[in-house]
Amino acid sequence: MSLAPVKPERPFLPAPRVRGFGVTVFAEFSALALQHNAVNLGQGFPNFPAPDFVKAAAQQAIGADLNQYARSGGHLPLVKALANIYGPLFGRELNPMTEIVITVGATEGIFATIQALVAPGDEVILIEPFYDSYPASVIMAGGTPVYVPLRPKPDATSSADWILDMDELEAAFSERTRLLIINTPQNPVGKILTRAELLKIAALAQKYNILVLSDEVYEWMVYPDPARTVEHLRIATLPGMWERTVTLGSAGKTFSVTGWKIGWAIAPAHLVHAINMAHQWIPFAVATPLQEAVGIALTMAPQQDYFNWLSHMYQAKRDKLLGALTDAGLKPVRPDGSYFILVDTSHLAVPDETNSPRDFSVCRWFTREVGVAAIPPSAFYNPQNQHLAANLVRFCFCKTDEMLDEAAKRLRTALS
Numbered sequence: 071m072s073l074a075p076v077k078p079e080r081p082f083l084p085a086p087r088v089r090g091f092g093v094t095v096f097a098e099f100s101a102l103a104l105q106h107n108a109v110n111l112g113q114g115f116p117n118f119p120a121p122d123f124v125k126a127a128a129q130q131a132i133g134a135d136l137n138q139y140a141r142s143g144g145h146l147p148l149v150k151a152l153a154n155i156y157g158p159l160f161g162r163e164l165n166p167m168t169e170i171v172i173t174v175g176a177t178e179g180i181f182a183t184i185q186a187l188v189a190p191g192d193e194v195i196l197i198e199p200f201y202d203s204y205p206a207s208v209i210m211a212g213g214t215p216v217y218v219p220l221r222p223k224p225d226a227t228s229s230a231d232w233i234l235d236m237d238e239l240e241a242a243f244s245e246r247t248r249l250l251i252i253n254t255p256q257n258p259v260g261k262i263l264t265r266a267e268l269l270k271i272a273a274l275a276q277k278y279n280i281l282v283l284s285d286e287v288y289e290w291m292v293y294p295d296p297a298r299t300v301e302h303l304r305i306a307t308l309p310g311m312w313e314r315t316v317t318l319g320s321a322g323k324t325f326s327v328t329g330w331k332i333g334w335a336i337a338p339a340h341l342v343h344a345i346n347m348a349h350q351w352i353p354f355a356v357a358t359p360l361q362e363a364v365g366i367a368l369t370m371a372p373q374q375d376y377f378n379w380l381s382h383m384y385q386a387k388r389d390k391l392l393g394a395l396t397d398a399g400l401k402p403v404r405p406d407g408s409y410f411i412l413v414d415t416s417h418l419a420v421p422d423e424t425n426s427p428r429d430f431s432v433c434r435w436f437t438r439e440v441g442v443a444a445i446p447p448s449a450f451y452n453p454q455n456q457h458l459a460a461n462l463v464r465f466c467f468c469k470t471d472e473m474l475d476e477a478a479k480r481l482r483t484a485l486s
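Start counting the sequence shown at 71; every next residue gets the next number (this note's numbering).
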């Protein structure tokens with residue numbers, strides 16, 4: 071006996087919330103770099119060893135037989151270490167049990183925070199260019215991204231020349247606005263929001279009674295400038311902002327261990343509780359021995375002046391790549407933070423590809439013809455604003471000096 075189908079036949083399509091997502095830009099250009107044996111300055115992960123004391127901490131943690139689930143909100147030694155590090159930075163005593171949650175990298179921190187705090191129909195303001203998980207997380211929560219671009223001054227040479235128009239930002243607010251996401255130091259521009267900019271953002275957040283998600287994973291990569299003040303200021307420390315701000319950090323960025331996927335969110339107890347309610351259904355808990363290792367590393371880092379060392383190390387790499395790009399006749403934008411450099415390519419005569427944004431064509435040309443892979447920044451804009459990145463490409467400098475030197479040689483040979 072045959073049974074009639076209960077439902078008409080239909081294809082098993084992905085759910086609408088993910089149907090519009092494509093493969094990330096990093097997958098395409100990493101594969102292209104391999105195909106052409108290019109120096110890959112595209113995807114932003116360090117290719118050098120983690121510090122010895124961090125690796126030793128992981129070995130110690132593995133040897134301690136910490137092989138079972140950690141507390142969902144975070145392994146106790148790690149959240150206590152974070153409270154000790156960040157309490158003075160926030161100017162308050164942090165409760166490690168109620169004001170910190172450990173996540174699977176900062177990316178899960180973004181996702182869990184948005185799932186916890188954004189309801190269907192809510193609007194979330196994103197500043198372009200953005201980390202590409204922001205809009206995806208908003209869409210999967212049923213929210214609506216609203217975009218406001220940073221705009222470079224004419225002939226911008228520094229990330230400080232990229233300006234957030236506060237009138238344009240305020241115009242993006244509506245009665246449905248729930249959350250504003252900021253990233254400082256910023257990927258990919260390398261901009262650090264100034265005190266004046268953060269005070270204006272804070273005033274808007276309070277005026278419209280919204281929450282702020284502050285992605286600060288590049289917090290230790292800040293590069294002094296003798297001509298002006300460059301400082302990383304945490305928006306949660308401004309008057310009236312602690313109660314409405316979630317601050318994200320990352321062991322992957324801080325200790326050059328992106329594969330460990332250990333991140334954290336710091337916020338007042340009522341927001342951490344909400345994040346935990348989502349987090350418990352995403353991974354439940356994060357790898358216990360690696361949490362133990364990061365806790366040990368954070369305890370040791372101040373004794374070794376590690377955070378200052380990290381800034382100096384990356385500033386030297388930044389300056390090396392800036393010099394190489396300039397020597398090759400390119401026009402880089404000097405970043406104040408992070409480990410990325412945007413480059414203006416408007417003077418390059420690169421053949422356009424059919425149905426492809428110019429920056430994608432330029433990055434493919436760099437990979438195939440120059441032998442140095444970059445990332446097209448239009449992937450970090452919504453479709454209506456992708457033209458703003460048409461003449462830009464993004465390089466990263468979180469690589470060995472040998473790799474940066476090889477990239478410099480190829481750039482000089484092909485372009486000089």
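Just so it is clear, CB atoms sit at the ideal spot from N, CA and C, and this is done for glycine as well. All values reported here derive from a predicted model rather than from experimental measurement.
Classify residue i as buried or exposed, calling it buried when 16 or more other Cβ atoms lie within 10 Å of its own Cβ.
i: Gly-143; result: buried
i: Glu-238; result: exposed
i: Arg-87; result: exposed
i: Leu-104; result: exposed
i: Tyr-139; result: exposed
i: Gln-456; result: buried
i: His-349; result: buried
i: Thr-317; result: buried
i: Ile-352; result: exposed
i: Asn-279; result: exposed
i: Lys-277; result: exposed
i: Arg-314; result: buried
i: Gly-399; result: exposed
i: Asp-406; result: buried
In angstroms with no decimal places, state the Cα-to-Cα distance between residue i and residue j.
i: Pro-395; j: Ala-478; result: Reading off the sequence, residue 395 comes out as Leu, not Pro. Rounded to the nearest angstrom, the two C-alpha atoms are 7 Å apart.
i: Ser-207; j: Val-216; result: 13 Å
i: Ala-306; j: Gly-157; result: 12 Å
i: Ile-262; j: Ile-271; result: 14 Å
i: Ala-41; j: Pro-190; result: Since the first and last residues shown for the chain are 71 and 486, residue 41 lies out of range.
i: Arg-89; j: Trp-379; result: 44 Å
i: Trp-312; j: Trp-334; result: 16 Å
i: Thr-254; j: Arg-304; result: 9 Å
i: Glu-98; j: Arg-434; result: 10 Å
i: Phe-377; j: Gly-92; result: 37 Å
i: Gly-212; j: Ala-275; result: 21 Å
i: Pro-296; j: Gln-385; result: 13 Å
i: Thr-173; j: His-340; result: 17 Å
i: Glu-439; j: Ile-170; result: 47 Å
i: Arg-404; j: Ile-252; result: 20 Å
i: Arg-221; j: Ile-209; result: 25 Å
i: Ala-134; j: Phe-354; result: 22 Å
Could you spell out where the alpha helix (DSSP H) holding residue i opens and where it closes?
i: Trp-379; result: 376 to 397
i: Thr-315; result: Counting along the chain, Thr-315 falls outside any alpha helix (DSSP H), though it belongs to the beta strand (DSSP E) covering 315 to 320.
i: Pro-86; result: 86 to 89
i: Val-208; result: 203 to 210
i: Arg-464; result: First-last for Arg-464: 462 to 466, but that is the beta strand (DSSP E), not the alpha helix (DSSP H).
i: Val-124; result: 122 to 133
i: Ile-271; result: 265 to 277
i: Leu-458; result: Segment: none, Leu-458 is in no alpha helix (DSSP H) and carries neither H nor E.
i: Glu-476; result: 471 to 485
i: Asp-237; result: 236 to 241
Check for me: the beta strand (DSSP E) holding residue i runs from which residue to which?
i: Phe-99; result: That residue, Phe-99, is in no beta strand (DSSP E); its alpha helix (DSSP H) goes 95 to 105.
i: Asp-285; result: 281 to 285
i: Val-188; result: Per DSSP, Val-188 belongs to no beta strand (DSSP E) and is neither H nor E.
i: Leu-248; result: A small correction: the amino acid at residue 248 is Arg; Leu does not occupy that position in the sequence shown. It spans 247 to 253 - the beta strand (DSSP E) in which Arg-248 sits, taken as one unbroken run.
i: Ile-411; result: 410 to 414
i: Lys-401; result: 401 to 403
i: Tyr-217; result: 214 to 219
i: Arg-438; result: It is not in any beta strand (DSSP E) - Arg-438 carries neither H nor E in the DSSP assignment.
Taking 7 Å as the cut-off, is the beta-carbon of residue i closer than that to any non-hydrogen atom of the ligand ADP?
i: Ala-337; result: Within the structure as shown, the ligand ADP is missing, as the structure has no ligands at all.
Across the stretch 247 to 254 and the stretch 223 to 232, are there enough close Cβ pairs to call them in contact, namely three or more that are closer than 8 Å? no
Point to revise | Segments assigned beta strand (DSSP E), at least 3 residues, entirely inside the stretch 150 to 174 | key: Runs of beta strand (DSSP E) with 3 or more residues, each lying fully within the stretch 150 to 174, are found at 170 to 174, listed in chain order.
Item to check | Residue ranges of each beta strand (DSSP E) within the stretch 325 to 369, 3 or longer | outcome: Qualifying beta strand (DSSP E) stretches, in chain order: 332 to 336.
For the structure I just gave you, are there three or more beta carbon pairs, one from the stretch 157 to 165 and one from the stretch 383 to 398, closer than 8 Å? The answer is no - the stretch 383 to 398 does not touch the stretch 157 to 165, with fewer than three Cβ pairs under 8 Å.
**Asked** Are three or more beta carbon pairs between the stretch 287 to 300 and the stretch 309 to 324 nearer than 8 Å?
**Response** yes
For the 8 Å Cβ check, are there 3 or more pairs between the stretch 185 to 195 and the stretch 337 to 349? yes
ask   = Taking three-plus beta-carbon pairs below 8 Å as touching, is the stretch 443 to 452 in contact with the stretch 109 to 124?
value = yes
Cβ contact check for the stretch 415 to 433 and the stretch 458 to 466: 3 or more pairs under 8 Å:
yes
**Touch test, the stretch 123 to 135 against the stretch 357 to 370, Cβ-Cβ under 8 Å, three pairs minimum** = yes
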